[in-house]
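Residue numbers (my numbering): 224 to 439. Everything on this sheet refers to the single structure shown next.
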């Protein structure tokens, strides 16, 4: 009887940690499932899984980010802000968290908050081409063309294959009557979009080229 009790105790001791480990991974499994559903375009199901991941792990930055970006994609900006703000809260040293919220703030025309978040992202990671493009786009929207141009130039310096950077730089050149430079940059953007298979980007670049080539 004693031997059976000892064997049972050993079996329990071996089995219980395995159960605990599996339980601890449930939030990761929910997050992974959300990402897979998102790739398949099943947004409602993906949203439910992101929320489940957050329920299982309150400080799950990646899940807050995923859900926030999904909601932003659906145009549910106020909801998106609550989740992207929490992503920043739980990991303020992550430049991507600041960048994501900056993009949202720009979409919501909350320019000061967008600027603060872009600057926070760039302070943490100065060689962040997407953040330079995003901040430049914010400045461009406000008519601050010289400052915007510097951001776009920095983006393409860091990453010569940054199609969006070349496109925006071309737009600034076109707006400031530098036609040849505009055509060069927009053509570069179009070719990069083509190489990436980004048909929407190609269309935007083609329209920009048409505008730049039109005599004025």
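Note that CB positions come from ideal geometry on N, CA and C, so glycine has one too.
Enclosing alpha helix (DSSP H) for residue i [first to last residue]
| i | result |
| --- | --- |
| residue 304 | 300–313 |
| residue 274 | 266–279 |
| residue 319 | 318–330 |
| residue 198 | In the structure as shown, the chain starts at 224 and stops at 439, and residue 198 therefore has no counterpart that could be examined. |
| residue 297 | Where residue 297 is concerned, there is no enclosing alpha helix (DSSP H), given that its DSSP letter is neither H nor E. |
| residue 433 | 422–436 |
| residue 407 | 402–419 |
Beta carbon of residue i nearer than 8 angstroms to that of residue j
| i | j | result |
| --- | --- | --- |
| residue 279 | residue 269 | no |
| residue 361 | residue 375 | no |
| residue 356 | residue 372 | no |
| residue 410 | residue 432 | yes |
| residue 286 | residue 322 | no |
| residue 378 | residue 359 | yes |
| residue 350 | residue 381 | yes |
| residue 253 | residue 276 | yes |
Inter-residue spacing [alpha-carbon to alpha-carbon] between residue i and residue j
| i | j | result |
| --- | --- | --- |
| residue 424 | residue 283 | 33 angstroms |
| residue 272 | residue 263 | 14 angstroms |
| residue 329 | residue 320 | 14 angstroms |
| residue 248 | residue 337 | 35 angstroms |
| residue 346 | residue 352 | 13 angstroms |
| residue 405 | residue 427 | 14 angstroms |
Residue environment, residue i, which counts as buried when at least 16 other CB atoms sit within 10 Å
| i | result |
| --- | --- |
| residue 244 | Note that residue 244 scores 48 on pLDDT, short of 50, meaning its location in the model is unreliable; the coordinates nonetheless yield the value given after this. So residue 244 ends up on the exposed side. |
| residue 301 | exposed |
| residue 446 | With the chain covering only 224 through 439, there is no way to say anything about residue 446. |
| residue 430 | exposed |
| residue 312 | exposed |
| residue 403 | exposed |
| residue 422 | exposed |
| residue 335 | exposed |
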